[in-house]
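Step one of this worksheet: look at the structure below.
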Amino acid sequence: MRRASAILSSAAAAIEFVPPNDSDPISLHDLFSTPAPLHVDLGCGDGSFLAALAEQHPERNFIGVELLLGRVRTSCRRISRLGVTNARIIRLDIARAVAFLLPPRSVDLFYLMFPDPWPKRRHHRRRVVTAEFLACIATALKPRGALRFASDQRDYFDHVVEVAAATGVFDAAMDDDPQLPRSTFEFRYVEAGEAIYRLELRKISDPK
């Protein structure tokens, strides 16, 4: 299996980082000098949402996970320009990062904002949210931690609600936090008049 490369961003510079083994959990102490509640933005895109969060909450640590190299570089530049020191970018597939790279019970909050909806029925199997994915999310979350999800596709929203209910490890609630920053993608959806569907899945037990 090809070893995953990761790019970390700090105020000083963007640094390439290769985990010793991409199937073993990373050491959060190697990423952040100051322990703090950990928030993870899955599929952070151009980093606009992540950078705004990190600037808004210096008392928290943030990890953005993104596979596409161009987006990773854009995120690194955006974070570096802001001068924040509490955000890092990891270049990796988000399902793999959740399953292998994040230590159990280490994450306070996940964000999964506008993932690819794969709207055609024959492509639904490519959607990232599955029972296995949510089990890995629950394992990585601290007790009472949560996943925040947003999509402009109602059928994907309904799919996530259904899959989460079947796991038995989450409480689901509508999520509409006015304090959350908007990403570049969300601005586009709003300007186009698209409805936004939001959900918070709060962990109530560990997966069996």
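Under the working numbering, the letters of the sequence shown match residues 20 to 227, in that order. For every residue, glycine included, the Cβ atom is placed at its ideal position computed from N, Cα and C.
For residue i, tell me which candidate among the options has the shortest Cα-Cα distance.
i, options, result
"L220", "L111, A169, T104", "A169"
"F152", "L72, A192, V117, N105", "V117"
"P165", "D177, F176, D194", "At residue 165 the sequence reads Ala, which differs from the Pro that was named. Checked all of D177, F176, D194; the closest Cα to A165 is D194."
"V59", "A70, G102, R79, G83", "G83"
"S42", "E181, L111, L120", "L120"
"V182", "P162, R144, L160", "R144"
"S125", "S94, R115, C95, L160", "L160"
"V180", "K227, D225, K139, Y216", "Y216"
"R110", "K222, S94, V103", "S94"
"M132", "R96, K227, K139, I113", "I113"
"C155", "V103, P226, E78", "P226"
"R261", "L86, F204, E85, D127", "A question about residue 261 goes unanswered here, because the residues of the chain that appear run from 20 up to 227."
"P44", "R140, L86, R115, E85", "R115"
"A192", "L87, D177, E205, E85", "D177"
Confirm, please, whether the CB-CB distance from residue j to residue i is below 9 angstroms.
i, j, result
"P122", "L47", "yes"
"R90", "G64", "yes"
"F81", "L61", "no"
"Q75", "Q198", "yes"
"I223", "D196", "no"
Assuming residue i and residue j form a contact by the criterion Cβ under 8 angstroms, report the distance between their Cβ atoms to the nearest whole angstrom.
i, j, result
"N105", "A150", "Not quite, the Cβ-Cβ distance comes to about 32 angstroms (not below 8 angstroms), so this is no contact."
"V188", "A214", "V188 to A214, Cβ: 28 angstroms. No contact."
"I98", "A70", "5 angstroms"
"S67", "S202", "5 angstroms"
"P134", "V147", "5 angstroms"
From the DSSP output, in three-state form, read off residue i for me.
i, result
"N214", "Looking at the sequence shown, residue 214 is not Asn but Ala. Residue state, collapsed to three classes: coil."
"R92", "helix"
"H58", "strand"
"R221", "strand"
"V126", "strand"
"L120", "helix"
"R107", "strand"
"F152", "helix"
"V84", "strand"
"V140", "The question names Val, but residue 140 in the sequence shown is Arg. In the structure shown, R140 sits in a helix (DSSP, three-state: H, G or I)."
"F189", "strand"
"S170", "strand"
"L72", "helix"
"R97", "helix"
Could you pull out every residue in the same chain whose Cβ sits closer than 6 angstroms to the Cβ of residue i, ignoring the five residues on either side in sequence?
i, result
"R167", "Y130, D194, E219"
"Y175", "P136"
"L50", "R107"
For residue i, I'd like the list of residues in its chain whose CB is within less than 8 angstroms of its CB, leaving aside the five on either flank, ordered along the chain.
i, result
"V103", "A30, A70, A73, E74, P77"
"T14", "As shown, the chain starts at 20 and ends at 227. That puts residue 14 outside it, with no answer to give."
Output needed for residue i: all residues of its chain with C-beta closer than 7 angstroms, excluding positions within five of it in sequence on either side, in chain order.
i, result
"S28", "For S28, the predicted model reports a pLDDT of 43, less than 50, meaning its position is unreliable and no value from the coordinates is stated."
"L88", "R110"
"E85", "G62, C63, G64, V91, S94, I108, R110"
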